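These protein sequences, in sequence, are chains A and B. Heads up, the first sequence is in this note's numbering, so the first residue is 1 and it goes up one at a time. Heads up, the second sequence is in this note's numbering, so the first residue is 226 and it goes up one at a time. The C-beta atom is built at its ideal place from N, Cα and C for all residues, glycine as well. Here the structure is a predicted model, which means the values were calculated and not measured. Remarks on the structure that follows.
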Amino acid sequence: MGLDIAFQPRNACAMPHDHHDHDHDADHPHSHLPSDPALRVKALETVLTRKGLVDPAALDEIIDTYQNRIGPKNGAQVVARAWSDPEFNRALMHDATAVVAEMGFYGRQGEHITAVENTPETHNMVVCTLCSCYPWPLLGIPPGWYKSDAYRARAVREPRAVLADFGVSLPPDTAVRVWDSTAEMRYLVIPRRPEGTEGMDAEALAALVTRDSMIGTGLPKEPAT
Amino acid sequence: MQAPEPVFSEPWHAQLFALTVYLNEEGHFAWPDWAARFAQTLKRHGFAKELDGGDDYFNAWLETLEAVLAERGAAGAEEAEQVKAAWEAAYLRTPHGQPVHLTSSEG
């Protein structure tokens, strides 16, 4: 499958959207007509609001939360603590759902979270082959490539090739283990702590933890020397 | 440092996401049931073409939510279609730069 473009993380979400019904003609006197799906979403919202089933302010609140307050920084805090506190790490491996809930990160959809730790022997990578289940409270909304057919199909079939597309090469004797998420179970990869980070505090460590390193399609940043 | 990717690439993706999360949280459907339905739609759409993770993905999401809401009688297909047409008309008659509203008979 020659679909490498879907695996360019920097471009995945920034692909031009040039297939819409958008009317960009500046001479037009009327308002910019939204695309067909945008109008369908608006219609659903209007119908449900009229029936008192939806509170538009609550929708804005949800959007604000996921756009501005929940994101990979949450997961990075968990990883940094796991790196610096062996007791915390043990508890995290035992029951991540409870441990991250104590940090204020819990699944609004009632899902469980499992932390999977990378070791020299095993590299973990997360996918959702059925749809796009993802640890929202820890990583926010998944990137476009995570939701693409290409990633969902290839991650299980040829994880090493996918990792190579992301620029990750592992030693040949490191096994790759792929975790398939479900609506009930989401996974957080705990990447390996980079060399040369001894003595760094949790905040400095968290800055090294990238989103992709917590999905398993990347590695943490190296500390500046 | 690279610029962060937008969380949602289109406003309607965000609106649709929020609507679904809200309805779930209000108890209209359980998330695993939602995910199972959504997965079916993705699979069906995926037979016809390789889906990207953007518009293709959210189009499948929208189709699923429309079906679920129609089945539950919360938003029937015809009702939704009428309101959509009303919004379309509202956009077409509203001068550029003005807020777009449905008329009182429409909304």
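Buried is the label assigned to Gln77/A, since at least 16 other Cβ atoms lie within 10 Å of its Cβ.
In terms of Cα proximity to Trp179/A, the closest of His32/A, Asp60/A, Lys73/A and His123/A is His123/A. Thr122/A has Ala175/A as its beta-bridge partners, per DSSP. For the pair Arg157/A and Trp145/A, the Cα-to-Cα distance works out to about 16 Å. Counting only runs that start and end inside the stretch 82-124 of chain A, the beta strand (DSSP E) elements of at least 3 residues fall at 112-117. Shown here for Ile141/A: same chain residues with a beta carbon closer than 7 Å to its own, the five before and five after excluded, namely Tyr66 in chain order.
Shown here, His321/B sits in coil according to DSSP, grouped into three states, outside any helix or strand.
Going by C-alpha positions, Leu39/A is about 25 Å away from Trp256/B.
In this chain, Leu170/A is not harboured by any beta strand (DSSP E), its DSSP state being neither H nor E. Chain order gives the chain B residues near Glu184/A as Pro257, where near means a beta carbon separation below 8 Å.
Under the three-state reduction of DSSP, Leu290/B is assigned to helix. Contact with chain A is found for Ala305/B, since one of that chain's Cβ atoms lies less than 8 Å from the residue's Cβ. Look at Asp281/B here: in three-state DSSP terms it is helix.
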